[in-house]
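Residue numbers (UniProt numbering): 1 to 85.
For each residue, glycine too, the CB sits at the ideal point set by N, CA and C.
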C-alpha cells in the first residue's frame, strides 16, 4: 500500500482531490505534537496518470457525477424534508 503523505490544510494540494463514490484514497486523522494532521492513504494501487479521488461522504450537498459503477448521484435537494410546525 502506498502512503500519500499529504498534511491537510487549505494551502496544500489535498484541496484538489476530487470526489468519487469509488475512491482510491481515504483520509486518516493523526496527532503529531498536539496538532491534528490528516493523511491521504491510497486504498488501492494508483498508477501514473490516474486521478487521485476520495469519498466526500453522503452528508455534503452536491450532485455527484463521478460515473463510477456505484455512483450515488442524484439530486442533493431530494433528501430535504420539511417538518410540520
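For residue 44, no beta strand (DSSP E) encloses it, and the DSSP letter there is neither H nor E.
Counting every other CB atom within 10 Å of its CB across the protein chains shown gives residue 23 a total of 16 or more, marking it as buried. Looking at the backbone, the Cα of residue 21 and that of residue 33 are separated by about 33 Å. Non-local C-beta neighbours of residue 53 in its own chain, meaning closer than 6 Å and more than five positions away in sequence, comprise 18, 20, 23, 24, ordered along the chain. In the three-state reduction of the DSSP assignment, residue 13 falls in the helix class, which pools H, G and I. Rounded to whole angstroms, residue 70 and residue 46 show a C-alpha spacing of 19 Å. Spatial neighbours of residue 59 in its own chain (CB-CB distance under 6 Å, excluding positions within 5 residues in sequence) are not present. Excluding sequence positions up to five before and after residue 28, its CB lies within less than 6 Å of the CB of 39, 41, all in the same chain and listed in chain order.
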